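Below is one structure; the comments refer to it alone.
Residue numbers (this note's numbering), protein chains in the order written: chain A, 1446 to 1715; chain B, 34 to 288.
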């Protein structure tokens, strides 16, 4: 049985797809057979970030509607061979994702994969509800600003009430907070919420803090999951997060401002 | 409301309006054996109270299948314990048809009335409420209605409702969340959303919280919004009560 992880946020543009790409790559790199599903039907992005957009033949909706088999639609990652991508359809409506259809695909994937990562679309509409419905765990991606925190709170409420686990009365979906685009300098100036502020408001365990970084943007543009940029702060922060997701005990890093200049960063191996 | 009578002629009867306090049996699901066992248990707690009382079956919280709802069995079980089912309250069309088939009176559901005391519609004092509440929920023979206790954070977009008694929340109430109670509201955590106490008009209801950061607080329809709460007790542990039609916020360390 695969573990089903949804990456969600409510708000758009906070880094859900970046996080889905990095977490699934990180899990696969550790040898777990992993598939990442793009639930953002109509606005597909995951294939771009995973650099497989030219290899998309069939998509998630084709599989749901029986126009293609899973094996035809799954794309094997070229860098990590235990990683597969199930791309979203660019031309269909989100309503094409039916509860029964999604369940059928997830059940089939469950037989052969260790982890299923569901990349949720923004919002709290049908597509987002489908992405989180079957989840065992949720990575709630939040930026350190009030509107993102509010939307994350909303999605946490939905996870508690509308997921399959909630409807069946099973153990609740395990919630993780992933704070992205974190800029310690701006936090010190009072321009951003601090980790403590966000943790205090949302009251869920912290999975990781991803520092704001140019590397993230560059990696996305090159179609490289940022976790593979092992030298960068953001890449290491994602690697820590994946470790914690698997139960490893890792100290949180990149949460305080680097006071000194370029050289001290070099010496810290940052 | 009295029937106009012909003077001098003794009438068979006269119609008068009466408001009677009645016990409502709130049915969650129906299984004959469970029903009878629960009934026996309740009666054993206060045997005198249940003797020969009329009762109405409230279907507003009914979650079972319509096909399982057997009013004849309900009536029979109640009759065996000297309880008289006189009618049903709420329920959908099919359920009400079944009730009519069992010769039970149909009473309107009380959901609309509960709604009517939400802050949007009841900025004024809900005076109409006094006469419009014929049934008191006396099911527990004078004991107060049990408090509803919530252990998890109440998230944005969620609504928690205690239709009879107090509401106790052992976690934060987040911005964009709403908590409502017929009685008092206790929040052992920050109150960041909306809290409405005494929604059926109980002016003695109070709101307690460990940190007042609310979007709105209301007692018996009198409300204050966040802007009006900033000056007194903001982000402090407070109680809020109604004094002479005014909401008064008092920090708990000065109470």
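For every residue, glycine included, the Cβ atom is placed at its ideal position computed from N, Cα and C.
Given the structure is predicted, the values throughout are model-derived calculations rather than measurements.
Using DSSP with H/G/I as helix, E/B as strand and the rest coil, what is residue 63/B?
-> Within the second chain, numbered from 1, the residue matching residue 63/B stands at position 30. Coil, per DSSP.
Whole angstroms is fine: what's the gap from residue 167/B's alpha carbon to residue 122/B's?
-> Working through the second chain from its first residue, we reach residue 167/B at position 134. Working through the second chain from its first residue, we reach residue 122/B at position 89. Any answer about residue 167/B is weak, because its pLDDT of 36 lies below 50 and its placement is not dependable; what the coordinates show is given next. Cα-Cα distance, rounded: 13 Å.
Selected residue, minimal CA-CA separation from residue 273/B, among 234/B, 248/B and 230/B | Within the second chain, numbered from 1, the residue matching residue 273/B stands at position 240. Comparing Cα-Cα distances from residue 273/B to each of 234/B, 248/B and 230/B, the minimum goes to 230/B.
Give a yes or no on whether the minimum CB-CB distance between residue 1605/A and chain B is below 8 Å.
-> In the first chain, counting from the first residue as 1, residue 1605/A sits at position 160. Yes - at least one Cβ of chain B is within 8 Å of the one on residue 1605/A.
Residue 1454/A and residue 1586/A: beta carbons closer than 8 Å?
-> The residue given as residue 1454/A occupies position 9 in the first chain. The residue given as residue 1586/A occupies position 141 in the first chain. Yes, they are a contact pair.
Return the residues of the region 173-204 of chain B that lie within a Cβ-Cβ distance of less than 9 Å from chain A, sorted by chain order.
-> 185, 186, 187, 188, 189, 190, 191 and 204
Could you tell me whether any Cβ in chain A is nearer than 8 Å to the Cβ of residue 134/B?
-> The sequence position of residue 134/B within the second chain is 101, counting from 1. No, because no Cβ of chain A sits closer than 8 Å to the Cβ of residue 134/B.
Quick one: give me the first and last residue of the beta strand (DSSP E) that residue 1503/A is part of.
-> For this step, residue 1503/A is matched to residue 58 along the first chain. Neither: residue 1503/A is in no beta strand (DSSP E) and is coded neither H nor E.
Under 8 Å from the C-beta of residue 1616/A: neighbouring residues of chain B = To locate residue 1616/A, count along the first chain from 1; it is residue 171. Those do not exist, as residue 1616/A stays about 13 Å from chain B at its closest Cβ, beyond 8 Å.
When you check each C-beta in the region 205-232 of chain B against every C-beta of chain A, which residues fall closer than 9 Å?
-> 205, 207, 208, 209, 210, 222, 223 and 225
Given that residue 1648/A touches chain B, what residues does it touch there, using C-beta distances under 8 Å?
-> Here residue 1648/A corresponds to residue number 203 of the first chain, with the count starting at 1. Chain B residues near residue 1648/A: 186, 204 and 205.
Out of 215/B, 207/B and 252/B, point me to the one whose CA is closest to residue 224/B's CA.
-> Position 191 of the second chain, counted from the start, is the residue given in the question as residue 224/B. Out of 215/B, 207/B and 252/B, 207/B has the C-alpha closest to the C-alpha of residue 224/B.
Terminal residues of the continuous beta strand (DSSP E) containing residue 1582/A?
-> Locating residue 1582/A in the first chain gives position 137, where the first residue counts as 1. First-last of the beta strand (DSSP E) with residue 1582/A: 1582-1587.
Contacting residues, own chain, Cβ-Cβ under 7 Å from residue 1463/A (five flanking each side not counted) = As a working mapping, residue 1463/A is identified with position 18 in the first chain. Contacts found: 1494, 1661, 1665 and 1671.
Limits of the alpha helix (DSSP H) - the one that residue 1577/A falls within | Counting from 1 along the first chain, the entry for residue 1577/A is found at position 132. 1571-1578 is the span of the alpha helix (DSSP H), which, as asked, contains residue 1577/A.
Any chain A beta carbon closer than 8 Å to residue 161/B | The residue you call residue 161/B lines up with position 128 of the second chain. Here the model assigns residue 161/B a pLDDT of 36, short of 50, so the residue's position is not dependable, and the following value carries that caveat. Chain A contact via Cβ: absent.
First and last residue of the beta strand (DSSP E) that includes residue 1558/A?
-> Taking the first residue of the first chain as 1, we reach residue 1558/A at position 113. Counting along the chain, residue 1558/A falls outside any beta strand (DSSP E), and DSSP gives it neither H nor E.
Looking at the C-beta of residue 1602/A, does it have a partner C-beta in chain B at a distance below 8 Å?
-> Within the first chain, the letter at position 157 stands for residue 1602/A. Yes, residue 1602/A counts as interfacial toward chain B.
According to DSSP, residues forming a beta bridge with residue 192/B = Your numbering for residue 192/B matches position 159 in the second chain. Answer by DSSP bridge pairing, in chain order: 211/B.
Residue 1605/A to residue 1686/A, Cα distance in whole Å?
-> Along the first chain, read from residue 1 onward, the residue named residue 1605/A stands at position 160. Along the first chain, read from residue 1 onward, the residue named residue 1686/A stands at position 241. Roughly 23 Å between the two C-alpha positions.
Select from the region 1572-1599 of chain A all residues with a C-beta closer than 7 Å to any C-beta belonging to chain B, and list them in chain order.
-> 1595, 1598 and 1599
Does the region 214-221 of chain B come within contact of the region 230-248 of chain B, defined as at least 3 CB pairs closer than 8 Å?
-> yes
Would you check if the region 257-266 of chain B and the region 241-249 of chain B touch, i.e. whether three or more CB-CB distances between them fall below 8 Å?
-> yes
Report buried or exposed for residue 1490/A, applying the criterion of at least 16 other Cβ atoms within 10 angstroms of its Cβ.
-> Here residue 1490/A corresponds to residue number 45 of the first chain, with the count starting at 1. Answer is buried; the Cβ neighbour count reaches 16.
Using 8 Å as the limit for Cβ to Cβ distance, is residue 1591/A near chain C?
-> Checking the listed chains, one finds no chain C in this structure; the protein chains it contains are A and B.
By Cβ distance, which residues of its chain are closer than 7 Å to residue 235/B, with the 5 residues on each side in sequence left out?
-> Counted from its first residue, the second chain places residue 235/B at position 202. Within the same chain, residue 235/B has close Cβ partners 215, 216 and 253.
Segment contact, 8 Å Cβ cut-off, at least three pairs: the region 110-120 of chain B with the region 69-83 of chain B | yes
Helix, strand or coil: which one does DSSP assign to residue 1595/A?
-> Locating residue 1595/A in the first chain gives position 150, counting from the first residue. Looking at residue 1595/A - three-state DSSP - the assignment turns out to be helix.
With a CB to CB cut of under 6 Å and the five nearest residues on each side skipped, what residues in its chain are close to residue 270/B?
-> For the purposes of this step, residue 270/B is identified with residue 237 of the second chain, where counting begins at 1. Excluding sequence neighbours, residue 270/B sits near 243 and 285.
Using 10 angstroms around the beta-carbon of residue 182/B, count the other beta-carbons present and answer buried if the total reaches 16, otherwise exposed.
-> Taking the second chain and counting its residues from 1, the one referred to as residue 182/B is at position 149. Exposed is the call here.
Beta-carbon spacing of residue 1576/A, residue 1484/A below 8 Å = By 1-based counting over the first chain, the position of residue 1576/A is 131. By 1-based counting over the first chain, the position of residue 1484/A is 39. Yes, they are a contact pair.
Terminal residues of the continuous beta strand (DSSP E) containing residue 1701/A?
-> Counted from its first residue, the first chain places residue 1701/A at position 256. From DSSP, residue 1701/A is part of no beta strand (DSSP E); its letter is neither H nor E.
What are the start and end residues of the beta strand (DSSP E) that includes residue 120/B?
-> Your numbering for residue 120/B matches position 87 in the second chain. From DSSP, the beta strand (DSSP E) with residue 120/B extends over 116-122.
Nearest-angstrom Cα separation, counted from residue 59/B out to residue 1470/A = Within the first chain, the letter at position 25 stands for residue 1470/A. Within the second chain, the letter at position 26 stands for residue 59/B. Those two C-alpha atoms are separated by around 53 Å.
Take residue 1504/A and list the residues in its own chain whose beta-carbon comes closer than 7 Å to its own, dropping the five residues that flank it on each side.
-> One-based indexing of the first chain puts residue 1504/A at position 59. So the qualifying residues of the chain are 1518, 1532, 1533 and 1534.
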